[in-house]
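So the sequence shown is numbered by our numbering: it starts at 76 and just counts up by one.
Written out below as structure tokens is the structure these notes cover.
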Amino acid sequence: MTIDTYDGTGVKPSHWNLDGVIEQLRVSREATHNIRHHGKVRELPSREALTIIVNGLSAVLFPTHYGRPNLTDESIDYFVGDTLNTTLNRLTEQVRRGLQFSLEDAPDDEEALTRQAHAITREFAAGLPGIRGLLVSDVQAAFSGDPAATSVAEIMLCYPGTIAILYYRLAHSLHRLGSPFLARLISDIGHSLTGIDIHPGAQIGGSFFIDHGTGVVIGETAIIGQRVRLYQHVTLGAKRFPADEKGALIKGVPRHPVVEDDVVIYAGATILGRITIGAGSTIGGNVWLTQSVPAGSNVSQAQMRSD
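Set out below in structure tokens:
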């Protein structure tokens with residue numbers, strides 16, 4: 076006897092004739108349009124887990140701002156240790172999953188993959204004090220650079236630029252240590268939260284300040300020096316994408332700008348290609364720039380039109 080069930084709309088599932096659809100989807104998935112990494116089913120990293128992990132790392136780095144506001148001198152180290160231990164265990168599993176997609180020759184041996192994930196996570200943990208130092212310099216740059224800022228707490232809790240940079244600095248460390256897929260996912264979560272898109276491969280010095288921030292884009296091979304300030308809708312992008320003899324894009328070649336120390340780039344500026352913005356320069360709003368400028372330059376939209 077067949078018992079029909081309903082989905083709440085009054086329609087029997089059998090009325091959809093799903094057998095054929097399911098079969099065609101299986102053929103597409105397994106053969107015709109197979110896009111699986113090396114053709115295998117692998118467990119992907121979890122965005123939900125990564126969100127929890129970044130929240131835990133944020134709490135470890137700044138316990139009273141992102142952790143528990145009622146911590147005391149007696150309890151703070153215990154909180155940091157307990158949170159860090161739990162978070163790193165979670166991170167190791169996500170690193171392990173990500174390595175299956177990051178490595179061309181990812182080992183099928185689960186124990187070897189787990190050992191590699193542990194090694195990356197251990198080195199990542201050792202770098203957390205340095206990451207915190209960079210983040211403190213970023214917060215201080217925001218406080219000294221924005222006359223509207225009333226406190227460090229306001230900057231850390233209310234400024235999207237600060238949140239985006241925090242996600243970037245964590246992601247960049249994982250990218251550098253050999254976990255680029257996981258780093259990209261963390262950056263994308265930060266992008267979703269803030270509207271600021273920073274590729275984890277970019278190299279960004281200390282005391283970095285993104286004011287307002289919405290729409291900022293920083294490409295993979297961009298290099299940014301110390302004490303740089305960007306405003307909303309700034310793009311540090313690529314001018315062209317080199318291809319090989321078969322027409323496939325060549326990955327990883329330097330194609331984004333180099334921004335030297337103490338540069339200010341105002342809202343809406345678009346800077347493209349592997350060009351250099353010299354130290355101490357100011358790039359005005361809405362400028363479209365595809366050529367290098369020397370140190371101390373002051374580039375405005377009117378000047379660019381006159382060229």
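Glycine included, every Cβ here is placed at the ideal spot set by N, Cα and C.
The model shown is predicted, which means the values in this text are computed figures rather than measured ones.
**Request:** Indicate the three-state DSSP secondary structure (helix, strand or coil) for Ser367 in the structure shown.
**Result:** Position 292 of the sequence shown holds residue 367. Ser367 falls in the coil class under three-state DSSP.
**Request:** Name the one or two DSSP bridge partners that Gly156 has.
**Result:** For the purposes of this step, residue 156 is identified with residue 81 of the sequence shown, where counting begins at 1. Paired residues: none, contrary to the question.
**Request:** Would you identify the three-state DSSP class for Ile352, choosing helix, strand or coil?
**Result:** Along the sequence shown, one-based indexing puts residue 352 at 277. Note: Ile352 maps to strand in three-state DSSP.
**Message:** Between Ala344 and Leu364, how many whole angstroms is the CB-CB distance? I'm expecting something under 8 Å.
**Reply:** Your numbering for residue 344 matches position 269 in the sequence shown. Your numbering for residue 364 matches position 289 in the sequence shown. That pair is a contact at about 7 Å.
**Exposed unless 16 or more other CB atoms sit within 10 angstroms - verdict on Ser248** = Taking the first residue of the sequence shown as 1, we reach residue 248 at position 173. With 16 or more Cβ atoms within 10 Å of its Cβ, Ser248 is classed as buried.
**Item:** Which of helix, strand or coil DSSP assigns to Leu100
**Value:** Counting from 1 along the sequence shown, the entry for residue 100 is found at position 25. Reduced to three states, the DSSP call for Leu100 is helix.
**Message:** For Ile346, report the span of its alpha helix (DSSP H) as first-last.
**Reply:** Along the sequence shown, one-based indexing puts residue 346 at 271. It is not in any alpha helix (DSSP H) - Ile346 instead sits in the beta strand (DSSP E) that spans 345-347.
**Prompt:** Since Gly288 contacts Gln307 with CB under 8 Å, what's their CB separation in whole angstroms?
**Reply:** For this step, residue 288 is matched to residue 213 along the sequence shown. For this step, residue 307 is matched to residue 232 along the sequence shown. Going by Cβ atoms, the distance from Gly288 to Gln307 rounds to 6 Å, so yes, they are a contact pair.
**Asked** Which runs of the alpha helix (DSSP H) spanning at least 4 residues fall entirely within the region 230-315, listed in chain order?
**Response** 235-251, 255-269
**Message:** Helix, strand or coil for Leu119? Go by DSSP, reduced to three states.
**Reply:** The residue given as residue 119 occupies position 44 in the sequence shown. Here Leu119 sits in coil by DSSP.
**Run of the alpha helix (DSSP H) containing Asp221, from where it starts to where it stops** = Taking the sequence shown and counting its residues from 1, one reaches residue 221 at position 146. It is not in any alpha helix (DSSP H) - Asp221 carries neither H nor E in the DSSP assignment.
**Item:** Backbone CA spacing between Leu132 and Phe283 [nearest angstrom]
**Value:** Taking the first residue of the sequence shown as 1, we reach residue 132 at position 57. Taking the first residue of the sequence shown as 1, we reach residue 283 at position 208. Distance between the alpha carbons of Leu132 and Phe283: 20 Å.
**Asked** Rounded C-beta distance between Thr158 and Gly142? I'm assuming under 8 Å.
**Response** Locating residue 158 in the sequence shown gives position 83, where the first residue counts as 1. Locating residue 142 in the sequence shown gives position 67, where the first residue counts as 1. 7 Å between Cβ atoms; contact.
**Asked** If we call anything under 8 Å between Cβ atoms a contact, is Ser219 one with Tyr243?
**Response** If you number the sequence shown from 1, residue 219 lands on position 144. If you number the sequence shown from 1, residue 243 lands on position 168. In this structure, Tyr243 does not lie closer than 8 Å to Ser219 by Cβ.
**Asked** Would DSSP call Ala318 helix, strand or coil?
**Response** Here residue 318 corresponds to residue number 243 of the sequence shown, with the count starting at 1. Here Ala318 sits in strand by DSSP.
**Message:** So, does the region 146-157 touch the region 192-202, judging by three or more C-beta pairs under 8 Å?
**Reply:** no
**Prompt:** With burial defined as no fewer than 16 other Cβ atoms inside 10 Å of the residue's Cβ, what is the status of Gln366: buried or exposed?
**Reply:** Within the sequence shown, the letter at position 291 stands for residue 366. So Gln366 counts as exposed.
**Request:** Would you kindly work out how many angstroms separate the C-alpha atoms of Thr237 and Asp221, rounded to a whole number?
**Result:** Translated into the one-based positions of the sequence shown, residue 237 becomes position 162. Translated into the one-based positions of the sequence shown, residue 221 becomes position 146. One C-alpha to the other measures close to 13 Å.
**Prompt:** Quick one, are the C-beta atoms of Gly290 and Gly270 less than 8 Å apart?
**Reply:** Here residue 290 refers to the residue found at position 215 of the sequence shown. Here residue 270 refers to the residue found at position 195 of the sequence shown. Yes, the Cβ-Cβ distance between Gly290 and Gly270 is below 8 Å.
**Prompt:** Leaving out five residues before and five after Pro138 in sequence, what residues of the same chain have Cβ atoms less than 7 Å from its Cβ?
**Reply:** Residue mapping note: residue 138 aligns to position 63 of the sequence shown, counting from 1. Excluding positions up to five away in sequence, the list reads Leu146, Ile151, Phe154, Val155.
**Request:** Would you kindly report the start and end of the unbroken alpha helix (DSSP H) that includes Arg143?
**Result:** Position 68 of the sequence shown, counted from the start, is the residue given in the question as residue 143. Arg143 -> no alpha helix (DSSP H), and no H or E assigned at all.
**Prompt:** How about Phe199 and Phe256: are their beta carbons less than 8 Å apart?
**Reply:** As a working note, residue 199 is residue 124 in the sequence shown. As a working note, residue 256 is residue 181 in the sequence shown. No, they are not a contact pair.
**Prompt:** Which stretch, first to last residue, makes up the alpha helix (DSSP H) that contains Glu105?
**Reply:** By 1-based counting over the sequence shown, the position of residue 105 is 30. Careful: Glu105 lies outside any alpha helix (DSSP H) and carries neither H nor E.
**Prompt:** How big is the Cα-Cα spacing for Gly280 and Ala318?
**Reply:** In the sequence shown, residue 280 corresponds to position 205, counting from 1. In the sequence shown, residue 318 corresponds to position 243, counting from 1. Rounded to whole angstroms, Gly280 to Ala318 spans 30 Å at the Cα level.
**Request:** Please work out which residues of its chain come closer than 7 Å, Cβ to Cβ, to Glu118, disregarding the five sequence neighbours upstream and downstream, and give them in chain order.
**Result:** Sequence index remark: in the sequence shown, residue 118 carries index 43 (1-based). So the qualifying residues of the chain are Arg172.
**Message:** Looking only at its chain, what residues have a beta carbon closer than 6 Å to the beta carbon of Leu136, apart from the 5 residues adjacent to it on each side?
**Reply:** Along the sequence shown, read from residue 1 onward, the residue named residue 136 stands at position 61. Once the five neighbours on either side are set aside, the close Cβ partners of Leu136 are Arg207.
**Message:** Is it buried or exposed, Ser267, if we count other Cβ atoms within 10 angstroms and call 16 or more buried?
**Reply:** Position 192 of the sequence shown, counting from 1, holds the residue named residue 267. Classification of Ser267: exposed, given that the 10 Å Cβ count is below 16.
**Item:** Proximity below 8 Å, CB of Asp286 to CB of Arg302
**Value:** Locating residue 286 in the sequence shown gives position 211, where the first residue counts as 1. Locating residue 302 in the sequence shown gives position 227, where the first residue counts as 1. No, they are not a contact pair.
**Request:** Provide the residue(s) that pair with Val339 in DSSP beta bridges, ordered along the chain.
**Result:** Walking along the sequence shown from the start, residue 339 turns up at place 264. Beta-bridge pairing links Val339 to Arg304, Thr357.
**Message:** How far does the alpha helix (DSSP H) with Phe199 in it extend, from its first residue to its last?
**Reply:** For this step, residue 199 is matched to residue 124 along the sequence shown. Here the alpha helix (DSSP H) through Phe199 covers 185-201.
**Request:** Sort out for me which residues DSSP pairs Val374 with in a bridge.
**Result:** The sequence position of residue 374 within the sequence shown is 299, counting from 1. Beta-bridge pairing links Val374 to Ile358.
**Prompt:** Taking just the CA atoms, how far does Pro369 sit from Arg122?
**Reply:** Position 47 of the sequence shown, counted from the first residue, corresponds to residue 122. Position 294 of the sequence shown, counted from the first residue, corresponds to residue 369. Spanning the two alpha carbons is a distance of roughly 42 Å.
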